[in-house]
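Report on the following structure.
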Amino acid sequence: MLPEKPYSHKNDATKLSSNDLEEEVKSLPIYSARKKLVEQLRDAETTIIIGETASGKTTQIPRYIFRSGLSGNGMIACTQPRRVAAITIAQRVAQEMDVELGKQVGYCVRFEDFTSTQTKIKYMTDGMLLRESIGDKLLSKYSFIILDEAHERTVHTDILFGIVKSAQKQRKLFNKPKLKLIVMSATMDVDHFSRYFRNAPVLYVEGRLHPIKIKYTAKEQSDYVRASLVTVFQIHQDEPANNDILVFLTGQEEIESVSQTIKDISLSLPPNLPKLIICPLYASLPHHQQLKAFRQTPLGSRKVVLSTNIAETSVTIKGIKFVIDTGKVKSKQFYPATGLDVLSVQRISQAQAWQRAGRAGRERPGVVYRLYTEAEFETLTANTVPEIQRTNLTNTLLQLMAIGINDVLNFDFIDAPSKDSILVAIKELKLLRSVSESETGKYTLTPLGRKMAVFPLEPKLSKAILCSVDYQCVEEVLSLAAMLSVDSVLFTPQAKREEALAERRKFTASEGDFIMLLNIYRAFKQNKGNKVWCYENFINARNMNNVLDIRKQLRDLCLKVNIAVTSNHRDINALRKCFSLGFFMNAAELQPDGSYRSIDAHETVHIHPTSCLFKCKPAYVVYRELVRTSKCYMRDLCVVDPDWLYDAAPEYFQKKLKKL
DNA sequence: GAGCACTGC
Numbered sequence: 001m002l003p004e005k006p007y008s009h010k011n012d013a014t015k016l017s018s019n020d021l022e023e024e025v026k027s028l029p030i031y032s033a034r035k036k037l038v039e040q041l042r043d044a045e046t047t048i049i050i051g052e053t054a055s056g057k058t059t060q061i062p063r064y065i066f067r068s069g070l071s072g073n074g075m076i077a078c079t080q081p082r083r084v085a086a087i088t089i090a091q092r093v094a095q096e097m098d099v100e101l102g103k104q105v106g107y108c109v110r111f112e113d114f115t116s117t118q119t120k121i122k123y124m125t126d127g128m129l130l131r132e133s134i135g136d137k138l139l140s141k142y143s144f145i146i147l148d149e150a151h152e153r154t155v156h157t158d159i160l161f162g163i164v165k166s167a168q169k170q171r172k173l174f175n176k177p178k179l180k181l182i183v184m185s186a187t188m189d190v191d192h193f194s195r196y197f198r199n200a201p202v203l204y205v206e207g208r209l210h211p212i213k214i215k216y217t218a219k220e221q222s223d224y225v226r227a228s229l230v231t232v233f234q235i236h237q238d239e240p241a242n243n244d245i246l247v248f249l250t251g252q253e254e255i256e257s258v259s260q261t262i263k264d265i266s267l268s269l270p271p272n273l274p275k276l277i278i279c280p281l282y283a284s285l286p287h288h289q290q291l292k293a294f295r296q297t298p299l300g301s302r303k304v305v306l307s308t309n310i311a312e313t314s315v316t317i318k319g320i321k322f323v324i325d326t327g328k329v330k331s332k333q334f335y336p337a338t339g340l341d342v343l344s345v346q347r348i349s350q351a352q353a354w355q356r357a358g359r360a361g362r363e364r365p366g367v368v369y370r371l372y373t374e375a376e377f378e379t380l381t382a383n384t385v386p387e388i389q390r391t392n393l394t395n396t397l398l399q400l401m402a403i404g405i406n407d408v409l410n411f412d413f414i415d416a417p418s419k420d421s422i423l424v425a426i427k428e429l430k431l432l433r434s435v436s437e438s439e440t441g442k443y444t445l446t447p448l449g450r451k452m453a454v455f456p457l458e459p460k461l462s463k464a465i466l467c468s469v470d471y472q473c474v475e476e477v478l479s480l481a482a483m484l485s486v487d488s489v490l491f492t493p494q495a496k497r498e499e500a501l502a503e504r505r506k507f508t509a510s511e512g513d514f515i516m517l518l519n520i521y522r523a524f525k526q527n528k529g530n531k532v533w534c535y536e537n538f539i540n541a542r543n544m545n546n547v548l549d550i551r552k553q554l555r556d557l558c559l560k561v562n563i564a565v566t567s568n569h570r571d572i573n574a575l576r577k578c579f580s581l582g583f584f585m586n587a588a589e590l591q592p593d594g595s596y597r598s599i600d601a602h603e604t605v606h607i608h609p610t611s612c613l614f615k616c617k618p619a620y621v622v623y624r625e626l627v628r629t630s631k632c633y634m635r636d637l638c639v640v641d642p643d644w645l646y647d648a649a650p651e652y653f654q655k656k657l658k659k660l
């Protein structure tokens, strides 16, 4: 596979002469095996291909299939978990085949469809293919589907396993053209995939990874942050310059603190040591600061990249010789019993440890320092728990039912989520009146649910949009739904914290964070999306532009399902009522002692200190989400009238209030 | 008075 180029855009693919490209393609390990590969793909309905990094499988296999005529009149889809990967790989393959991007080779990701009627090889996100299956669950356009990076086990890929398997069967049953499937994965989980696909044959493709030396600690480490600091300086003193280090840490705060400590200590190092260049790397770091980690290290210096899991799969940094693996990761887990998301630091799996190790040997032999003992490594779980078993399934089940799979409890999951988790999601969909249950216990999508599934949003937000039709404030609800769909638009740099908070005050609303976000959207529009305005008001311009894209998509979808896009600029209550109808099950009530109690689970909850209502005590609120850290916090609030809640679901509140 | 990892439609 090609090294990802995470931050390049569609026009700056490196220009290589066609001779150079030809040579490069022929030197790929997969090239010599191509004839045999095609023969094997011809015979099998489903094939599992295991290939290490840099084997060329992602770029070359679709070409081999196309050239050999195996794909016939159908298209070849190749899915990726990430947008940038789909885009950059398509660019590369178009260049290699010397065709214009968007003609024979194209890509399709949200907001960008770079394909045409001529497209034969289509790189796309897994979520995009899943969305296509809503319209056509037999995936009739395609003769080959390649599910790449299958070991990452995203919810989308996991669901696609079942959808494609069923499409293969259905097509056979109805005498339609065959659908061939290729599952491409790194080394783990091979037998698991093969068994799920009726003992599909497994092919191995050699990679080009250099040898990696693994070092364990002799003793267990109680403080992995400290251990990582010690290791950085040990390497720094013993190894020549320009041998860069990548350290895996868990989060922003940890990274900033380690960064500061390294800077402090390096002041007192002997002057003959190479200069240290410290590069923090995490997703919420502003773009231009992230770029520092990708710059080539000047001769005689050493780069130390302090990264979250973003460097495990999403981005690749060149020139890394040493990896320091703390063995920890911050991850989010959904607990169906409480309906709570908990974000916490956990131990990684062995598969993740190998993935991290692989980041050291991309250009030359590397070394990994595992900050745990070999015995500890043996106790790590072999594979990461698939996302589908860690997440709230409400949206996923709505999508499944929109595809036409009503018996969600018996869907052919490769690894099924718990029954509790499925039942909790169904209960929520029933409360939103998007799913109905017959007397015999069969679930069906209601007409409302069918419309909700059209929107790429969490069902509570889709519900608010559909309710806004009755209140004639569709435009306003779309704006807020888009604002709630992106990473925070608020930018609070540590150094100018007070100033940022002061600027923000002009947007705050007594009705809560939802209305504050609407105020920001309106001010942004009034200032025509001016970048300087964003900067002066501590608003993240990139995320605001994302809001505009999403809002346009949502508006187009409204028109598609015949929703009249009405507007009611003045009546903020109408807007709040719509969100009450979507979020009524996220309601909390003020208690006499000043705390809040969630109406659904009767838990004591608190207003998050970042909320603009932090110092207020409204009687009733709905919240966007509940997160457990040191306490149970409600984030993103909207003040509501209890009558609105009651009207949203009278039976539900009758039951809940009886219990109080 | 807290402190959010990472994707995707």
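Note that UniProt numbering has the first sequence beginning at 1, numbered continuously upward.
Heads up, the beta-carbon is just placed ideally off N, CA and C, and yes, glycines get one too.
Residue i - DSSP class collapsed to helix/strand/coil
i: Val161; result: The amino acid occupying residue 161 in the given sequence is Phe; Val does not appear at that position. Helix.
i: Glu22; result: helix
i: Ala481; result: helix
i: Lys36; result: helix
i: Ile422; result: helix
i: Glu475; result: helix
i: Met452; result: helix
i: Pro650; result: helix
i: Ile348; result: coil
i: Tyr64; result: helix
i: Met97; result: coil
i: Thr47; result: strand
i: Gly366; result: strand
i: Val247; result: strand
Status (buried if at least 16 other CB within 10 Å, exposed otherwise) for residue i
i: Lys5; result: Only weak support is given to the placement of Lys5: the predicted model assigns it a pLDDT of 34, under 50, and the value that follows is read from those uncertain coordinates. Classification of Lys5: buried, given that the 10 Å Cβ count is 16 or more.
i: Ala150; result: buried
i: residue 665; result: In this structure the chain extends from 1 to 660, so residue 665 is not present and cannot be described.
i: Asn19; result: exposed
i: Asp571; result: exposed
i: Leu343; result: exposed
i: Cys616; result: exposed
i: Gln654; result: exposed
i: Arg195; result: exposed
i: Asn395; result: buried
i: Val640; result: buried
i: Val532; result: exposed
i: residue 664; result: It is not possible to answer for residue 664, since the shown part of the chain is limited to 1 through 660.
i: residue 663; result: The structure shown has nothing for residue 663, since the chain only spans 1 to 660.
i: Ala495; result: exposed
Assumed close pair residue i, residue j - CB separation to whole angstroms, cut-off 8 Å
i: Asp244; j: Lys321; result: 6 Å
i: Arg347; j: Lys330; result: Their Cβ separation, rounded to whole angstroms, is 11 Å, which puts Arg347 and Lys330 out of contact at 8 Å.
i: Asp126; j: Thr157; result: 5 Å
i: Cys324; j: Leu281; result: Sequence check: residue 324 is Ile here, not Cys. Going by Cβ atoms, the distance from Ile324 to Leu281 rounds to 14 Å, so no, they are not a contact pair.
i: Thr373; j: Lys219; result: 7 Å
i: Leu285; j: Leu249; result: 13 Å between Cβ atoms; not a contact.
i: Gly51; j: Val205; result: 4 Å
i: Leu409; j: Ile422; result: 6 Å
Top-ranked residue by Cα proximity to residue i, from the options
i: Asn568; options: Ser611, Thr250, Val474; result: Val474
i: Trp644; options: Glu499, Lys577, Ser595; result: Lys577
i: Ala509; options: Ile520, Asp191, Glu499; result: Ile520
i: Gly366; options: Leu246, Phe334, Lys141; result: Leu246
i: Ala54; options: Asp470, Gly358, Ala283, Leu267; result: Gly358
i: Asp382; options: Asp223, Leu101, Gln352, Leu203; result: In the sequence under discussion, the amino acid at residue 382 is Ala, which differs from the Asp named in the question. Among Asp223, Leu101, Gln352, Leu203, the Cα nearest to that of Ala382 is on Gln352.
i: Ser166; options: Arg34, Asp412, Ser222; result: Asp412
i: Arg597; options: Thr610, Leu575, Val622; result: Val622
Stretch-stretch touch, CB-based, cutoff 8 Å, three pairs: the region 85 to 94 with the region 111 to 124: yes
At least 3 beta-carbon pairs within less than 8 Å: the region 417 to 432 vs the region 399 to 409: yes
The region 596 to 605 / the region 623 to 636 touching (three or more Cβ pairs under 8 Å): Counting Cβ pairs under 8 Å, three or more are found: they touch.
Stretch-stretch touch, CB-based, cutoff 8 Å, three pairs: the region 51 to 64 with the region 93 to 111: yes
Validate contact between the region 295 to 306 and the region 264 to 280 using beta carbons, cut 8 Å, 3 pairs: yes
Cβ contact (3+ pairs, closer than 8 Å) linking the region 553 to 566 and the region 579 to 588: Contact fails: fewer than three Cβ-Cβ distances are below 8 Å.
The region 350 to 365 touching the region 202 to 216, judged by at least three CB pairs closer than 8 Å: Counting Cβ pairs under 8 Å, three or more are found: they touch.
Given 8 Å, three or more beta-carbon pairs between the region 457 to 476 and the region 435 to 447: No: fewer than three Cβ pairs fall under 8 Å.
Three-pair Cβ contact test at 8 Å for the region 531 to 539 versus the region 547 to 557: Three or more Cβ pairs closer than 8 Å define a contact, and the region 531 to 539 falls short of that threshold against the region 547 to 557.
Three CB pairs or more closer than 8 Å across the region 33 to 53 and the region 173 to 180: yes
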